[in-house]
Structure formats: C-alpha cells, structure tokens
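Colleague: All residue numbers for the sequence shown refer to the numbering used here, where the first residue is 94 and numbers rise by one.
A virtual CB, placed ideally from N, CA and C, is assigned to each residue, including glycine.
The structure displayed is predicted, hence computed values, not measured ones.
Structure in structure tokens, see below.
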Amino acid sequence: FIAGMGGAQFALPGAEDRLRESSEHPPVVLLAACDPANAWGATLAWPKREGGAKPQRIPGAHVFAWDGHLLAWLSRSEKHLLCFVDATLHSDPAVRERLAGLLVDALVELLHQPNARRRALLLEKIDDAPAGEHELAPRLVDAGFMRSSSGLLRRRDRTWAREQVAKVRIIGAVEAGPEEDDADPDD
C-alpha cells in the first residue's frame, strides 16, 4: 500500500496512463466489483432496481463502465448480467442505443483480450429474465452470440478467423472466470 496513490496502485501496469490518454473514443472500463477503483456500491449507490437480483461488491464479479456511465454488472460465474442501460436511468433513446452498443461490443471484446483465457461466455440471465428474452438479446445475437437452451453463448474467435478490429477498447481485468469450460453449445 502506498499512501496518496488511492485505487491507482491496484490497477494493471500502464492502466492509469491509458485512462489519461486523450481519445476521441474513451475505453470501456472493466473493473472487479470489489476493486477500490470501482465507486459503485461504495462511494456511489448502485442504481435502483425493482426486486430481483442486486449487484454486489464481491470477488469475481465485474462492472463495465464508460465515460462515467455504469453499463453492467457481471456475476462471478459470468452467467448473470445486470444491465444498467434502460429508460429509467437514461431517458434519451439515442444515449440508450449508444450505451447498449458499447456494452455488447465490450462483452465480445472481453473474450478477445490478449491475456484472457476465456474460450466462451454463456449468459443465462440478463437482469432477472432468461437472456434470450431480454431486449438486449437481438443485439447480442447480431454480435455473434448464439441462442441455446441455456441462454446466449459466444465463443472466442480463433485468432486467424477474427474478421475485424475491436469496436471498443477495454481497460481492466482480463482474467478468465471460474466456469469458462462449462459453456456447452449443444445445450
């Protein structure tokens, strides 16, 4: 622990410099939910949710943020996503569309981080509904997620088969989740 450094001392090397880079397109920031740099659930209250699952600052869970907007919370199993891109939080439809697109692109890019060991991402639930029934499902399917009986599945593209450069940059955690091998496309 270094006095005066705050949460920056817990970041990956170079993350602070990359966050300070001036960019036309700020990166999506992926933080561990219990990271001191994550203000939600500590300094800032989590956005209000009516019933159902609530985000928590627990080890293994992650938050996606962009330009001061909380986009989503991903559970430690990476099977439950709580989305914070809705009309109650963002009244402007154009803003909602932009944030939803960034979230979907960030989920895809999460699989393709150079140091990540993830081979697949299976979303069983988004908010408290089956993933395939959520309003974000069509965007996820358009981004390469496949519908299965378990939810929405996206496999990591092979390096040589990757068609395009990342649509968004992600800064933050890239470690694989504990259940990366549980995603079965035949379900």
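In the DSSP assignment, what are the bridge partners of GLY244?
Modeller: Paired residue(s): SER241.
Colleague: What did DSSP end up calling PRO186 once you bin it into helix, strand or coil?
Modeller: Here PRO186 sits in helix by DSSP.
Colleague: Can you tell me which of LEU245, PRO223, ALA222, HIS155 puts its alpha carbon nearest to the alpha carbon of LEU233?
Modeller: The option with the nearest alpha carbon to LEU233 is LEU245.
Colleague: Sorted by chain position, which residues of the same chain lie with C-beta nearer than 6 angstroms to PRO148's C-beta, five sequence neighbours on each side aside?
Modeller: Here the set comprises TRP139, TRP166, LEU175.
Colleague: How far does the beta strand (DSSP E) with VAL234 in it reach, from first residue to last?
Modeller: No beta strand (DSSP E) contains VAL234, which is instead part of the alpha helix (DSSP H) from 230 to 235.
Colleague: Can you say whether LEU137 is buried or exposed, counting buried as having 16 or more other CB atoms within 10 angstroms of its CB?
Modeller: It is exposed - the Cβ of LEU137 has fewer than 16 other Cβ atoms within 10 Å.
Colleague: Give every residue of the same chain whose Cβ lies closer than 6 angstroms to the Cβ of MET239, excluding the five residues on either side of it in the sequence, and list them in chain order.
Modeller: Here the set comprises LEU246.
Colleague: Considering just the uninterrupted stretch of the beta strand (DSSP E) at CYS176, what are its terminal residues?
Modeller: First-last of the beta strand (DSSP E) with CYS176: 173 to 176.
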